[in-house]
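Residue numbers (the working numbering): 31 to 302.
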């Protein structure tokens, strides 16, 4: 089944002739970029949007991965903070973010003579609250080959493993804005704070585990895989974490006993 989907993916990309891959360096875009290189060779270019919502670690990982894949890598500097609807940080934030980003990326691709932008949505994204997918669907110059080929997240990881991509076991990533409670206006300062908070928490965690720091204003709510909650709750480590995050301006530092949950802040929208 995965082999059939891989062939369909390569066929779709071959038919596009030249593509710009929206490339964050995460699990999905890594496989998509690898497939684009296989299908199109030099006809594929990876484009990373460098903005306040992308952590420096993710930016570095994207560059290293592009070099490993031997794909041309371009950096498109932009700032979603120029978009007032995004800054408002309401339930449509992801829609406004994707629309802003992909309009910029499509304009860049057109200027370079590249007819199509491809991005890494998959079938699992359809079962989650993803208003950003609506923005992608509204833009005629953007395709989602992994979605069109029927790939689930698990299948993306499995094909990545077979193709020898280091991202096959990489934890899922999301933009920094997804850590900040809905209704809190987004700024460079609070995006940078949550990035630094996650760097601190990550230093206490084993490699390749999921964790997030959810920013609720004065409260830092740490989500992590349940297996490592006892590690973070250790009195000595917990005290060090509280002190370090307190230095960033958080008044209370909490550990969510439910563990890591993808898109947990979307619960605010259901409650509202």
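Glycine included, each C-beta is placed from N, C-alpha and C at the ideal position.
On a predicted model such as this, the values are computed, not experimentally measured, just so you know.
Check, Outcome
"Put residue 224 into one of helix, strand or coil per three-state DSSP.", "helix"
"Take the Cβ of residue 47 as the centre, count every other Cβ of all protein chains shown within 10 Å, and call the residue buried at 16 or more, exposed below.", "exposed"
"What does the Cβ neighbour count give for residue 149, buried or exposed, with the cut at 16 atoms within 10 Å?", "buried"
"With 16 other CB atoms within 10 Å as the buried threshold, where does residue 120 fall?", "exposed"
"How far does the alpha helix (DSSP H) with residue 92 in it extend, from its first residue to its last?", "86 to 99"
"Taking residue 166 as part of the alpha helix (DSSP H), name the residues at either end of that continuous run.", "161 to 168"
"So for residue 187, helix, strand or coil by DSSP?", "helix"
"Would you call the CB atoms of residue 76 and residue 107 closer than 8 Å?", "no"
"Whole angstroms is fine: what's the gap from residue 251's alpha carbon to residue 115's?", "25 Å"
"Count the other CB atoms within 10 Å of the CB of residue 253; is the residue buried (16 or more) or exposed (fewer)?", "buried"
"Please return the same chain residues whose Cβ sits closer than 6 Å to the Cβ of residue 185, not counting the five positions on each side in sequence.", "32"
"Starting from the C-beta of residue 138, find all residues in its chain whose C-beta is less than 6 Å away, skip the five residues before and the five after it, and write them out in chain order.", "106"
"Between the Cα of residue 283 and the Cα atoms of 263, 290, 294 and 291, which residue gives the shortest distance?", "263"
"Out of 237, 192 and 95, which one is the CA nearest neighbour of residue 201?", "237"
"Applying the criterion that 16 or more other CB atoms from any shown protein chain within 10 Å of the CB defines a buried residue, is residue 310 buried or exposed?", "As displayed, the chain neither begins before 31 nor continues past 302, which places residue 310 out of reach and without an answer."
"Work out the CA separation of residue 277 and residue 206 for me, nearest whole Å.", "19 Å"
"For residue 281, count neighbouring Cβ atoms within 10 angstroms of its own Cβ and tell me buried if that reaches 16, exposed if not.", "exposed"
"Using the three-state DSSP reduction, which class does residue 253 fall into: helix, strand or coil?", "strand"
"Taking all protein chains shown into account, do 16 or more other C-beta atoms lie within 10 angstroms of the C-beta of residue 143, making it buried, or fewer, making it exposed?", "exposed"
"Are residue 135 and residue 79 close, meaning C-beta to C-beta below 8 Å?", "yes"
"To the nearest angstrom, report how far apart residue 103 and residue 154 are at their CA atoms.", "27 Å"
"From what residue to what residue does the beta strand (DSSP E) around residue 80 run?", "74 to 80"
"Quick check on the DSSP output: the alpha helix (DSSP H) that includes residue 69 runs from which residue to which?", "57 to 70"
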